[in-house]
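Colleague:
2 protein chains.
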Amino acid sequence: MALIVQKYGGTSVGSPDRIKEVAKRVKRWRERGDDIVVVVSAMSGETNRLVGLINDLNTNGSSREKDVVLSTGEQVTMGLLSLALESIDCPAKSYTGRQAGIITNSAHSKARIESIDEAPIRKDLSEGKVIIVAGFQGVDGEGNITTLGRGGSDTTAVALAVALKADECQIYTDVDGVYTTDPRVVADATHIPKLALEEMLEMASQGSKVLQIRAVEFAYKYDMPIRVLSSFDDGDNGKSTLVTREEDIMEQVMVRGVAFNRDEAQLTIKGVPDTPGVAFEILGPISDANIEVDMILQNIGTDGTTDFTFTINRADYSEAMSILKATGKTLGASECKGDDRIAKVSIVGAGMRSHAGVATEMFKALSKEGINLRMISTSEIKISVVVDEKYLELAVRTLHEAFGLGSKAV
Amino acid sequence: MALIVQKYGGTSVGSPDRIKEVAKRVKRWRERGDDIVVVVSAMSGETNRLVGLINDLNTNGSSREKDVVLSTGEQVTMGLLSLALESIDCPAKSYTGRQAGIITNSAHSKARIESIDEAPIRKDLSEGKVIIVAGFQGVDGEGNITTLGRGGSDTTAVALAVALKADECQIYTDVDGVYTTDPRVVADATHIPKLALEEMLEMASQGSKVLQIRAVEFAYKYDMPIRVLSSFDDGDNGKSTLVTREEDIMEQVMVRGVAFNRDEAQLTIKGVPDTPGVAFEILGPISDANIEVDMILQNIGTDGTTDFTFTINRADYSEAMSILKATGKTLGASECKGDDRIAKVSIVGAGMRSHAGVATEMFKALSKEGINLRMISTSEIKISVVVDEKYLELAVRTLHEAFGLGSKAV
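First to last, the protein sequences are chains C and D.
Counting from 929, one number per residue, gives the positions in the first sequence under our numbering.
Counting from 929, one number per residue, gives the positions in the second sequence under our numbering.
#1: Any beta-carbon of chain B closer than 8 Å to the one on N976(D)?
#2: Going by DSSP in three states, N1072(C) sits in which element: helix, strand or coil?
#3: On a CA-only basis, which of V1221(C), S999(C), R1190(C), A1085(C) is nearest V1156(C)? Give me that one, please.
#4: Using beta carbons (cut-off 8 Å, strictly below), is V1338(C) in contact with chain D?
#5: Could you tell me which chain D residues have their CB closer than 8 Å to the CB of N988(C), listed as they occur along the chain?
#6: Could one say the Cβ of I1309(D) lies closer than 8 Å to chain C's Cβ atoms, at least one of them?
#7: For R953(D), count neighbouring C-beta atoms within 10 Å of its own C-beta (all shown protein chains included) and say buried if the count is 16 or more, exposed if not.
#8: Count the other CB atoms, across all protein chains shown, that sit within 10 Å of the CB of T948(D); report buried if there are 16 or more and exposed otherwise.
#9: For the beta strand (DSSP E) containing I1031(D), list its first residue and its last residue.
#10: Given that K994(D) touches chain C, what residues does it touch there, using C-beta distances under 9 Å?
#11: Measure the Cβ-Cβ separation of L1301(C) and V1286(C) and say whether it is below 8 Å.
#12: Pull up the CB-CB distance for M1303(C) and M1223(C), whole angstroms please, since I reckon it's below 8 Å.
#13: In the DSSP assignment, what are the bridge partners of R1155(D)?
#14: When Cβ atoms are compared, which residues of the segment 1013 to 1044 of chain D fall closer than 7 Å to chain C?
#15: What in chain D is Cβ-close to Q1226(C), meaning under 8 Å?
#16: How many angstroms separate the CA atom of I1060(D) from the CA atom of Q934(D)?
#17: Could you please give me the residues that DSSP links to L1123(C) through a beta bridge?
#18: Residues of chain D with CB under 7 Å from K948(C), in chain order?
#19: Between which two residues does the beta strand (DSSP E) harbouring A1272(C) extend?
#20: Using the three-state DSSP reduction, which class does E1308(C) fall into: helix, strand or coil?
#21: Confirm, please, whether the CB-CB distance from Q1134(C) to A1278(C) is below 8 Å.
#22: Strictly below 8 Å CB to CB, what residues from chain C border L1353(D)?
#23: Evaluate H1283(C) with the Cβ neighbour count: other Cβ atoms within 10 Å of its Cβ, from every protein chain shown; 16 or more gives buried, anything less gives exposed.
#24: How should V1338(C) be labelled, buried or exposed, when 16 other C-beta atoms within 10 angstroms of its C-beta is the threshold for buried?
#25: To the nearest angstrom, how far is the alpha carbon of G1229(D) from that of E1192(D)?
#26: Is it buried or exposed for P1201(C), if we count other Cβ within 10 angstroms and need 16 for buried?
#27: Starting from E1321(D), follow its DSSP beta bridges and name the residues at the other end.
#28: Check R1190(D) in the structure and name its three-state DSSP category.
#29: Sort out for me which residues DSSP pairs P1344(D) with in a bridge.
#30: Tell me, please, which residues DSSP counts as bridged to A1020(C).
#31: Just to confirm the assignment: which complete beta strand (DSSP E) runs, minimum length 3, are found wholly within the segment 965 to 1031 of chain C?
#32: Taking the alpha helix (DSSP H) that K1257(C) falls in, what are its first and last residues?
#33: What does T1000(C) reach in chain D if we use C-beta pairs closer than 7 Å?
#34: List, in order along the chain, the chain C residues whose C-beta lies closer than 7 Å to that of G1071(D)?
#35: Whose Cβ in chain D lies nearer than 8 Å to the Cβ of V997(C)?
#36: How long is the line joining the alpha carbons of M1006(D) and D995(C), rounded to whole angstroms?
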C-alpha cells in the first residue's frame, strides 16, 4: 500500500462538474488500496475574483488582510471536493492550512513553509479517509493566515508529501507532462517520460511553466519524486512525466530539453572602478528594491575600470535602470545602458556532466543561423545564452534540432 | 471610553463601495474614543452563491464540509473591511471565528456558542486597533469549522459583546429599528425608540424579522443592550431602537406592538384516550423528525377521550400529517385533520403584567370584525391567536388600531 499525494490545479477543479470528475479519479486511486492526500487550488477564476474585490477598494492595506481574503478560494474547493467524494461513498475530510498544521514564516503573500504536523492527517488516513488539503496557505506561529504566493499549491503538495514520507507526489495539470521544449514553439517537441529532479529544477527556473520552481526545489532537497499528469485524460493510463532522483533514471541523455524565457531585460554599467566590492555596490541597491537578478557578467577592462552586465525580469526594467543610473553617478561610471528586448535560451541535461563539447556544439548551431550571443552562463547541467528577443523561436528550434530532441530525430 | 460591538449584515457590506462606507462609519465611532469590535456577515448574495456551488454537486455530503465552504463568505468580508479601514488610516485586524476563540458545540450548520476567549481581542484593542470578526462561524473542540445557521452573525455579535462586557451591541441592518408592526401591512406603524429585551424576545419569536431570535435570547440571558440601526442612514444621528433591560425603560406601555407569522399550519387529532402520556405519544414522533411544535392545545372530552391540536411551521405540514396519521392508527384516534392556511397574530407588551383586561379587549376588537379565533395562547407579556390566513392583515390592522399604536393615535 502506497501513500500518494495528488495536487489538482485551478482548471482541474474549475467547476462543480470538474470537481465531480476529480472525485471519481481520486476514488479510483483509493480503491486500488493506496492512501490518498489531495491538495487543491482555488477554482480557476476565483483568485482573480478575490483580487478584483481587493482592487476595487483601492486599498493600501496590509498583506495580512489580503491573505485572509485570498486564502478562502482554496477553502471553498476543499469543502466541495470532500462533499463530492462523500456523495460517491468515498469518506473524505478537508483540512485548511491551519488544520493541517502547515506552519510558515510571517512573510505574507510569499510565506515559506517551516513545518508540518502530520499526526492528525495520519490518524484520519488510518481510518480510511481521503484527506483534502487547501493548497497555497498556512498559518504563522501566531496563527495569522499566510499564503505562499501564486502557484504555491504545488509547494504545499510537495511539502506534505515530504512530511508524510509519501511514495510519490502527483501534480495534475492541463498538460500530460514535461516536453523537450514548449510545443507552441516547436511542433516537433517530444514528451519526456522520466527526468531528474535536478534537470527539472533547471528547466523550471529557465522558464518551463509546468511546475513551480519552489516546489521542485523542495522535492530536490528531500528526494521526493514528482509525477506530472493531465487531469483531462480520460483514464489513469495516460502519459505522464516522472521527475525523480538522478540515480533512478537508467538512461542519461546529454541534453534533456530546451527551456527559454522571454521576460528578460539586460542592464550594463560601464567604466566603473575595478575594485573589490564594486559588484556589491552595483547590485545592493537593486536587490534592496526587491528586484531579482538572474545572470551576472563582469568584464575586466585594461585601464583599471570594469564593465558590469546583469539580467532581470523585464517588468522591473525601468525601476532597475533608474537605480543603476543613480549608482552610476556615485561610482563615476562612463555609461549605463540597457535592453528590454532580449530572451534567454537554455539547454539542460544531467548528461552534460560526463560529456564534453556540448557548449561548443550549441554555439556552433546558433552561429550557423547567424544568432549573436549577448551573454553566456553555465552550470553543471545547463548552458544558457541571452539573445535578441527576435531570435528566440529560431534559437529554440535550432537547438531542439541540433540535439536531436524532436520526434522525427533518429 | 465605551466598548461597542457593531454588526453589519449582508446588504450593508454588499459591495466594495458599501464596505468603504462601513469603514468610514466605523472610523467615526473609533475617533470618538470608543473601542470598536465589528462583526460582519457575508456580502449579500455570497452565501447563496456558495450554496449554489454545493447544490450543483447534487451531494449528500456531510454538514462538516458544507460549513467549510459556507464559512468562507464572512472571511472574505472581514479581510476586505480591514483593508478598507487600513486604507483610511484606521488600524484594524481581522479574526476568523477560530482566531477569536469562538468555541461551539459540534452541531454543524446550527452550532451553539459555548465559550469565547476574549484575551487576544482585548490585547489588540489595547493597541488601538479596530477588531473585525467573521460572524456566523466558530470551531468545535476539535478545531472543525462550524456555522451557527442563517442569521448567526447577530448571535456572534451579542456573544462577543457579552464576553467582552461591551456597553452596547449595535446591529446595523437595512431598517432603522423596530416598529409597532410590519409597515408593509400597517402603513401607520410607528417606530419604537426603546423596548425591553423580553418584549423583543416575544416580538422576534412571534415573527418580527428585525433580529435573530437566538441573538435576542442571548442578550436577554446576559442583560446585553442591543441597538438596531440602519447602515443606510447618512450620519450616525438617525433613528434607532434600543432593546434593553425592562428596568431601564421608564414608560411601560400595555401593548408595545403587534407581531404575526403567516408560515403556520395546524394539526388536530381527535378521539384519543385521555390518559397520562398521550401528549408525549403524539408529539414524540413529531419532534423525532426534527419538526418544531409551536402552540399546543388539548380539549378534554366527556367520554374518556380527548382532542389534541398543535401548530408547526407550514413547510413541515405534509411530513407532520403523515406522522400524525400513523400515530392516530396506533392510538385508535377517530380523526386526524389539519389546515395549512392559518396565521398567528400576537400582541406583546411588558405592561400586560400589571394591566388586566388586555385579552378581553383583544378578543372584542377581533370579534367586532367577525374574525374567528381558532386557538389562543398566552404568556406573561403576550397573547397569541390563530386565525384563518385570509384574516391576517385585517387582524393585524384591527389590533394595531385598537391598542392605539399608530402614529395618528391620540
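C-beta: ideal position from N, C-alpha, C; glycine also.
Modeller: So, from the listed chains and residues:
#1: Looking at the structure shown, chain B is missing, and the protein chains on hand are C and D.
#2: Here N1072(C) carries a coil assignment [DSSP, helix/strand/coil].
#3: Checking every option, the nearest Cα to that of V1156(C) belongs to A1085(C).
#4: For V1338(C), the predicted structure reports a pLDDT of 46, less than 50, and the residue's modelled location is therefore unreliable. A value from the coordinates is still provided. Closer than 8 Å: no.
#5: For the C-beta of N988(C), the chain D residues within less than 8 Å are, from N- to C-terminus, E1014, S1015.
#6: Not a single C-beta of chain C is nearer than 8 Å to the C-beta of I1309(D).
#7: Buried, by the Cβ-count rule.
#8: The sequence as given places Lys at residue 948(D); Thr does not occur at that position. Buried, by the Cβ-count rule.
#9: Looking at the DSSP string, the run of the beta strand (DSSP E) that includes I1031(D) is 1030 to 1032.
#10: Near K994(D) (Cβ distances below 9 Å), the residues of chain C are G1007, L1011.
#11: No, these two residues do not count as a Cβ contact at 8 Å.
#12: Contact between M1303(C) and M1223(C) is confirmed by a C-beta separation of about 6 Å, below the 8 Å threshold.
#13: Beta-bridge annotation (DSSP): R1155(D) is paired with Q1098(D), L1170(D).
#14: Using a CB distance below 7 Å, the part of the segment 1013 to 1044 of chain D facing chain C consists of E1014, S1015, S1022, Q1027, ordered along the chain.
#15: Neighbours of Q1226(C) on chain D: none; closest Cβ ~44 Å, over 8 Å.
#16: Between I1060(D) and Q934(D), the C-alpha separation is close to 9 Å.
#17: Answer by DSSP bridge pairing, in chain order: V1171(C).
#18: Result: L985.
#19: In the sequence on display, residue 1272(C) carries Lys and not Ala. Per DSSP, the continuous beta strand (DSSP E) segment holding K1272(C) begins and ends at 1263 to 1276.
#20: E1308(C): coil per DSSP, three-state reduction.
#21: Between A1278(C) and Q1134(C), the gap from beta carbon to beta carbon reaches 8 Å or more.
#22: Examination of residue 1353(D) is not possible in this model, given that chain D is present from 929 through 1338 alone.
#23: Exposed.
#24: Only weak support exists for where V1338(C) lies, its pLDDT of 46 falling under 50; the value from the coordinates is given anyway. It is exposed - the Cβ of V1338(C) has fewer than 16 other Cβ atoms within 10 Å.
#25: Distance from the CA atom of G1229(D) to the CA atom of E1192(D), rounded to whole angstroms, is 26 Å.
#26: Only exposed fits P1201(C), as fewer than 16 other CB atoms lie within 10 angstroms of its CB.
#27: BP columns for E1321(D) are empty, so no partner.
#28: Three-state result, R1190(D): strand.
#29: Here chain D has residues from 929 to 1338 only, and residue 1344(D) is not among them.
#30: Answer is V1058(C).
#31: If we require 3 residues or more, the beta strand (DSSP E) runs fully inside the segment 965 to 1031 of chain C come out as 1020 to 1023.
#32: Its alpha helix (DSSP H) spans residues 1245 to 1259.
#33: The contact set of T1000(C) on chain D, defined by CB atoms closer than 7 Å, consists of T1000, Q1003, V1004 in chain order.
#34: Listed by position along chain C, the residues whose Cβ is nearer than 7 Å to that of G1071(D) are Q1027.
#35: Residues of chain D passing the Cβ test: Q1003, V1004, G1007, L1008, L1011.
#36: In a straight line, the C-alpha of M1006(D) is about 11 Å away from that of D995(C).
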